[in-house]
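Only one structure is covered here, and it is reproduced in the block below.
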């Protein structure tokens with residue numbers, strides 16, 4: 001009893017304070033210091049200097065636009081996939097999930113091959129010249145990466161009670177009226193939370209604007225250049241703090257919207273999802289747009305492969321493996337590190353997630369509210385903020401971890417922890433407590449009951465958590481780019497560097513390894529528990545995936 | 001199977017007619033060649049165990065499912081393939097299926113707005129509808145603020161204000177507790193009579209069907225077993241299934257021998273030569289129709305094995321010797337004042353053939 005009530009919560013709280021609160025405070029203090037003097041000078045500078053002020057007026061409108069567009073597009077595809085019987089809908093659904101597995105920077109590269117200055121489509125075929133390096137490309141790419149939006153909307157759309165739609169039909173509503181007066185209002189909270197999540201993702205996105213934004217800078221990219229380029233830690237901290245405050249505020253809105261959207265769900269046999277027989281024009285439009293989306297996604301994927309295996313995409317299509325030669329030169333370490341980091345992260349996140357979830361749902365102790373907050377907060381913290389925080393905090397006493405693998409794993413574990421906790425909580429909330437009481441009544445200790453009852457019940461959720469944490473770690477860039485040294489290099493950083501240097505072939509080769517590693521992890525973990533995991537994957541956890 | 005009407009309603013106007021309806025899901029025939037006429041102003045119950053096809057039948061009337069074969073005729077118009085939107089048939093869902101994002105008023109107004117009625121008329125009719133179900137003051141309430149019974153009333157009002165040609169009720173009371181169920185039952189009946197609206201009520205609860213219906217349609221495995229008034233269904237079950245499904249019953253095995261019924265070693269006169277000589281018969285008899293007396297050696301001998309006191313009546317389990325020498329249990333119910341038997345008592349059972357229904361096995 002003591003153990004669960006005092007010791008365990010204290011240890012976990014200490015760890016979270018160490019790895020969340022402490023780095024955050026470090027960044028906050030740095031942002032409030034200017035040339036050794038405490039004060040608001042840095043913030044004043046941000047709001048007075050035109051270059052810095054533009055960062056906010058760049059980031060926010062583009063994020064609002066990409067959030068709205070990806071929500072609209074995600075909704076449209078979700079409607080086609082789950083609310084029509086149109087051909088190709090399964091492929092569209094698959095295409096919409098793909099960006100989740102493909103690292104954002106791989107997509108960005110492929111986008112440049114296809115639509116860039118010498119792009120296969122824009123230049124070679126259509127003979128257009130346009131400046132690909134601008135906010136437009138950022139907006140397009142962030143909109144295309146609508147996987148989480150699509151899944152969040154889909155999971156609620158599937159949950160809409162078809163009997164309520166039938167009631168509307170019975171009362172004389174046309175199919176279009178059923179959609180607009182019943183289905184859409186019912187999933188409105190989910191649409192709002194999907195849009196807020198997309199906004200968070202876009203605000204925190206570092207690689208897309210960095211690679212394809214050109215002169216378009218955002219808070220996330222500027223804090224990177226401030227730190228890595230000009231080594232201005234104070235300004236980097238200030239920009240990150242502003243980004244953090246915006247994200248935490250939006251995240252707070254998100255949690256409120258999320259609470260409202262949980263009310264829609266019904267999962268009875270009778271209320272299972274039913275097709276809407278919308279008019280030809282509506283269906284045709286939605287289908288065409290979905291087809292266009294899927295085509296672009298598949299083209300992007302194919303062009304990553306093409307550019308990795310050809311001499312020079314667009315110029316010389318001769319097949320070659322020369323880009324992969326970089327792997328033995330530099331890559332094996334990165335590949336090994338990526339695999340190790342991702343495996344450790346997924347194991348730690350799924351196990352600690354269920355333990356924290358157990359404490360939150362089954363044990364009464366002081367500081368529970370704080371634990372709950374700390375276990376959720378990393379959702380809202382942009383990757384670059386975490387990276388800067390860790391780089392500043394763990395380079396000196398009391399805890400020095402710079403350049404070690406531990407700093408990378410600590411960062412990825414903390415970033416994925418909320419997802420593990422959330423999945424665990426949802427399992428434990430549904431789990432009938434009388435089963436544990438029965439085990440206790442039959443003489444099982446708390447630990448025994450946890451092992452015998454909680455863990456088996458949570459198994460599908462654990463698998464999904466592990467799966468997601470694995471892929472997220474393989475893909476992650478914004479957070480760990482600040483923590484990478486030659487000793488703890490990972491694949492995503494290699495792609496990023498190659499892409500920045502303009503070595504697109506090499507970058508593509510790395511991207512393919514990243515995609516393969518992500519896909520492999522997915523297969524391995526899914527094979528352990530394939531069906532349950534697949535179902536969970538779509539229905540639950542994916543709906544609560546955090547910002548990247 | 002007796003799908004012909006009992007006769008007393010002949011000459012009345014037919015409101016809804018189902019002709020040879022068939023429906024299958026995957027490999028399962030849910031409704032098989034079902035034909036039924038529902039008359040204007042009556043309340044007709046579809047009664048049967050779960051999976052008997054009653055809700056499927058209702059959904060085909062509402063247009064939420066399309067029959068594989070057969071026709072649905074509403075007021076002489078073939079609506080078999082008409083989409084649900086254009087049927088003007090009111091449906092009350094088992095789950096109520098209220099719109100959770102609208103308040104009570106907007107739920108009730110929904111169908112009227114779809115019909116593009118003038119605003120003033122919508123308001124009048126919503127007020128009337130809410131008044132009818134005694135929820136006049138509840139227009140502004142949110143759905144989740146209402147009790148189950150109140151939600152039920154909103155669902156009823158919502159289905160009624162569109163002035164449907166037919167009211168369909170799909171297990172409307174199954175989510176309510178016992179006392180509320182009895183109240184709502186009377187309420188539904190009151191409103192149905194007041195509006196003189198034709199209603200089809202689907203239920204698996206025989207007590208509910210008996211208490212509310214003008215006519216009961218007993219269904220089993222996708223076919224109609226019997227159509228009749230509650231009294232006919234109970235007193236004169238047409239099939240063994242109906243006898244078993246409605247109320248308590250004892251089934252005894254007998255045989256036709258020499259033009260008489262041979263049952264548990266006793267002979268009983270058979271009414272007509274309806275049964276072939278030597279045929280095996282199943283005799284059903286209600287527990288309250290079994291007469292039980294002490295010290296009557298001429299009667300069928302039985303021993304009381306269990307006595308349960310129910311207040312208004314007492315139920316006895318009695319054992320008789322079966323044909324094969326084993327023991328057979330019978331249910332007997334007697335009104336309370338006569339409860340003078342104790343376990344172990346030897347009694348005589350007076351079974352009368354006029355109290356029995358006779359079936360051939362497999363019928």
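Chains as they are written, first to last, in this note's numbering: chain A, 1 to 548; chain B, 1 to 363. Backbone N, C-alpha and C fix where the C-beta goes; we use that ideal spot for every residue, glycine too.
With a threshold of 7 Å between beta carbons, residue 95 of chain B makes contact with chain A.
Residue 170 of chain B is bridged by DSSP to B/202.
Excluding sequence positions up to five before and after residue 236 of chain A, its CB lies within less than 7 Å of the CB of 223, 226, 227 and 388, all in the same chain and listed in chain order. If the five residues before and after residue 23 of chain A are omitted, its C-beta is found closer than 6 Å to the C-beta atoms of 389, 390 and 393, all from its own chain and listed in chain order. In the DSSP assignment, residue 348 of chain B falls within the unbroken beta strand (DSSP E) covering 346-350.
Assigned with DSSP and collapsed to three states, residue 76 of chain A falls in helix. DSSP lists no bridge partner for residue 91 of chain A. For residue 101 of chain B, the chain A residues whose Cβ falls inside 7 Å of its Cβ are 185 and 186, in order along the chain.
By the CB criterion at 7 Å, residue 226 of chain B and residue 242 of chain B fall inside the cutoff.
Within a 10 Å sphere around the beta-carbon of residue 460 of chain A sit 16 or more other beta-carbons, which makes this residue buried. Around residue 159 of chain B, the same chain offers 90, 91, 92 and 167 as residues with beta carbons nearer than 7 Å, after the five sequence neighbours per side are excluded. Judged by their CB atoms, residue 157 of chain A and residue 187 of chain A are nearer to each other than the 7 Å cut-off. Using beta-carbon distances, residue 171 of chain A counts as an interface residue toward chain B, with a partner under 7 Å. Secondary structure of residue 489 of chain A (DSSP, three-state): coil. Taking a 10 Å sphere around the C-beta of residue 432 of chain A, we find fewer than 16 other C-beta atoms and assign the residue as exposed. Residue 520 of chain A and residue 324 of chain A have their alpha carbons spaced roughly 19 Å apart. In the structure shown, residue 368 of chain A falls within a helical segment according to DSSP collapsed to helix, strand and coil. Residue 230 of chain A counts as exposed, since fewer than 16 other C-beta atoms from the protein chains shown sit within 10 angstroms of its C-beta. Taking a C-beta cut-off of 9 Å against chain B, none of the residues of the stretch 145-159 of chain A qualify. In this structure, the beta-carbon distance from residue 333 of chain B to residue 317 of chain B does not fall below 7 Å.
In the DSSP assignment, residue 308 of chain B falls within the beta strand (DSSP E) that extends over 300-309. As the crow flies, the alpha-carbon of residue 518 of chain A is around 7 Å from that of residue 470 of chain A.
In this structure the stretch 334-346 of chain A lies against the stretch 487-500 of chain A, because at least three pairs of beta carbons, one per stretch, are closer than 8 Å. When C-alpha distances from residue 381 of chain A are compared across A/425, A/501, A/516 and A/220, the shortest belongs to A/220. DSSP places residue 282 of chain B inside the beta strand (DSSP E), whose first and last residues are 280-285.
Note that the C-beta distance between residue 290 of chain B and residue 252 of chain B is not below 7 Å. Residue 201 of chain B and residue 18 of chain B have their C-alpha atoms some 15 Å from each other. If you check the CB distance, residue 359 of chain B and residue 240 of chain B come in under 7 Å.
In the DSSP annotation of this structure, the continuous segment of the alpha helix (DSSP H) that includes residue 240 of chain B starts and ends at 240-245. In this structure, DSSP gives residue 460 of chain A a helical state, which the three-state scheme calls helix. For residue 216 of chain A, the number of other beta carbons within 10 angstroms of its own is at least 16, and it is reported as buried. Nearest CB-CB separation between residue 318 of chain A and chain B: not below the 7 Å threshold. Taken atom to atom, the span from the alpha-carbon of residue 342 of chain B to that of residue 359 of chain A is near 59 Å. For residue 103 of chain B, the closest alpha carbon among the candidates B/120, B/126 and B/315 is that of B/126. In chain B, no part has a C-beta under 7 Å from the C-beta of residue 257 of chain A; the shortest such distance is about 14 Å. Unbroken alpha helix (DSSP H) runs of no fewer than 4 residues, entirely contained in the stretch 95-179 of chain A, are found at 104-115, 135-144, 147-159, 162-170 and 175-178, following chain order.
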